[in-house]
Structure formats: structure tokens, C-alpha cells
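Trainee: Below: one structure in C-alpha cells.
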Amino acid sequence: MHRRSRGVSIGLLLLLSQIFQVGINNVPPVTLATLALNIWLFLNPLKPLLSSCLSVEKCYQQKDWQRLLLSPLHHADDWHLYFNMASMLWKGIHLERRLGSRWFAYVIVTFSLLTGVVYLFLEFALAEFLNEPDFKRNCAVGFSGVLFALKVLNNHCCPGGFVNVLGFPVSNRFACWVELLAIHFISPGPSLMLISHPGRPVQLTAVPHWSLPFPMCPGTALGG
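Residue 165 in the UniProt record's numbering sits at position 165 of the sequence shown, and the numbers go up by one each step.
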């Protein structure tokens, strides 16, 4: 385990402030555990970032499959952590209460693995189709893919209506894309974190389509 260098992490302080403002007792257990795990691994990463990020070259070609587990739980810096976990806090509170903790835990684990698999598939396909081997070296970290999959799942559970994104009301139908653009403009490096090549948005746009076959919204038939 590698301890992160000490210093004032404004993003982490803001995240902790937001959690305590909501109230720890008001955060469902799986959501709280997910937040705690990501914060712990930010402060005490299991491996250096370049050894935990996900790429076709490292994971598929070199058979380093543990990166599928490590990459979504590691973040580039405190702002990357803040934006992802603040989003997780609100999505988790809403969805875990609706689905129940056991279903929600299943969703988190499944999406964490599926987003990595989708990312590898897309990067491999782009490398082959465009004859550009650099795509196989793209190395990504962060929880963003899981969050956007959760957002689309939430939109299918609760169709219609509006959500607040940076103080502006946005239709649920477009909220995940507006959120992606907002995070990108506010924090363009970490929010679309790629170690070697700016291809991350392709993963984020593909993830929601893989989330649709999970029929877990009470009274809602997904993908119909």
C-alpha cells in the first residue's frame, strides 16, 4: 500500500463537509461504504496510479486483470475524487433507498466490472478499426463510468422530471450528458482522466447502454 503525499486536499475537505452536512446517519449503508472505500484508497492507494489504471495493453495483452478491480476505485487527485464521490452521494441516497441495499450493492459491483470491460472492448475496437495502436495504451482510472451508468438507471426508474446540475434545472433525459460536460469544463483533466490519450468520453457514452438490461426498478421495465 502506498500512502499519498501529505498536504491540504481541498477537494477531500469539501467532500467530507458535504457528507457531514447530509448527515452520516442519512446515508444508506452501501453508499456510505462505497464512499469510505474510495476515500480510503485515495489516501492509501493499493498501487501507484500507473499500476492501477485500465488499458488494453496492460490488462488484456499483459493479463493484469486486477486492474479491472483497481481502476474504478482509484482517483487522480482530490478534485477527481470530490466530483465523483459527491455525485455518488446523491445518486446512492436516491437509488439505494429505492432498490434496497442488497440490490444496490449488486448494481455497484456489476457496473464497476462492466464499465471496465466496455472500456477495454471499445479501446480495442477503435485501435483495430482506426489502425491506431495508441488506443490500446490509453489508461483510465476513476468511478465516472459507474456513476453515469447509475444515472441512466435512475432515469429509467424515475422517467421525466428535472434534476439540478450546477444550479440549473435539467431534464432527467439529458442530465447524464449535461453532467459529463459540466464536470469536463470544471475539471477537464481529472474528470475525463486518461493517462496517455484523451479517449475517455467514448467510454462514458457507451456505459449507459450496457446498464439497460438490469430490470431492478420496481414497477419499471427497462430497455422497453
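Quick reminder that beta carbons are idealized off the backbone N, C-alpha and C, glycines included.
Thinking C-alpha only, which one of Val152, Gly23, Leu130 and Leu12 is nearest tryptophan 79?
Mentor: Out of Val152, Gly23, Leu130 and Leu12, Leu12 has the C-alpha closest to the C-alpha of tryptophan 79.
Trainee: Helix, strand or coil, according to DSSP, for leucine 147 in the structure here?
Mentor: Leucine 147 falls in the helix class under three-state DSSP.
Trainee: Pairs of beta-carbons, one from the segment 20-31 and one from the segment 94-101, closer than 8 Å: are there three or more?
Mentor: They touch, by the three-pair rule.
Trainee: If you measure between the beta carbons of leucine 15 and methionine 85, is that distance less than 7 Å?
Mentor: Taking 7 Å as the Cβ cut-off, leucine 15 and methionine 85 qualify as a contacting pair.
Trainee: On a Cα-Cα basis, can you pick out the residue from Ser9, Asn131, Leu32 and Asn138 that is closest to serine 87?
Mentor: Per the Cα distances, Leu32.
Trainee: Could you compute how far the alpha carbon of threonine 132 sits from the alpha carbon of phenylalanine 104?
Mentor: At residue 132 the sequence reads glutamate, which differs from the threonine that was named. About 38 Å.
Trainee: For threonine 34, which residues of its own chain have a beta-carbon under 8 Å away from its beta-carbon, when the five flanking residues on both sides are left out?
Mentor: The answer, listed in chain order, is Met88, Gly92 and Ile108.
Trainee: Comparing C-alpha positions only, which one of Lys47, Ala76 and His75 sits nearest to aspartate 64?
Mentor: The residue with the shortest Cα to Cα distance from aspartate 64 is Lys47.
Trainee: CA-CA distance, arginine 137 and serine 55?
Mentor: Arginine 137 and serine 55: Cα-Cα distance of roughly 6 Å.
Trainee: Taking the alpha-carbon positions, what's the lysine 151 to leucine 69 distance?
Mentor: C-alpha separation (whole angstroms): 21 Å.
Trainee: To the nearest angstrom, how far is it from the Cα of tyrosine 60 to the Cα of phenylalanine 121?
Mentor: Tyrosine 60 and phenylalanine 121: Cα-Cα distance of roughly 10 Å.
Trainee: Please go through the same chain and pick out, in chain order, the residues whose beta-carbon is closer than 7 Å to the beta-carbon of leucine 194, but skip the five residues on each side of it.
Mentor: Residue confidence is low: leucine 194 scores 42 on pLDDT, short of 50, so the model does not pin down where it sits. Its coordinate-derived value is still stated next. So the list reads Asn138, Cys139, Ala140 and Arg200, once near-sequence residues are dropped.
Trainee: What do you reckon, are the CB atoms on leucine 73 and leucine 49 nearer than 7 Å?
Mentor: Not closer than 7 Å, so no.
Trainee: With 16 as the cutoff for other CB atoms within 10 Å, does glutamate 128 come out buried or exposed?
Mentor: Flag for glutamate 128 reads exposed.
Trainee: Suppose contacts are defined by Cβ-Cβ distances below 7 Å. Is glutamate 123 in contact with phenylalanine 111 by that definition?
Mentor: Result no, Cβ atoms of glutamate 123 and phenylalanine 111 do not sit closer than 7 Å.
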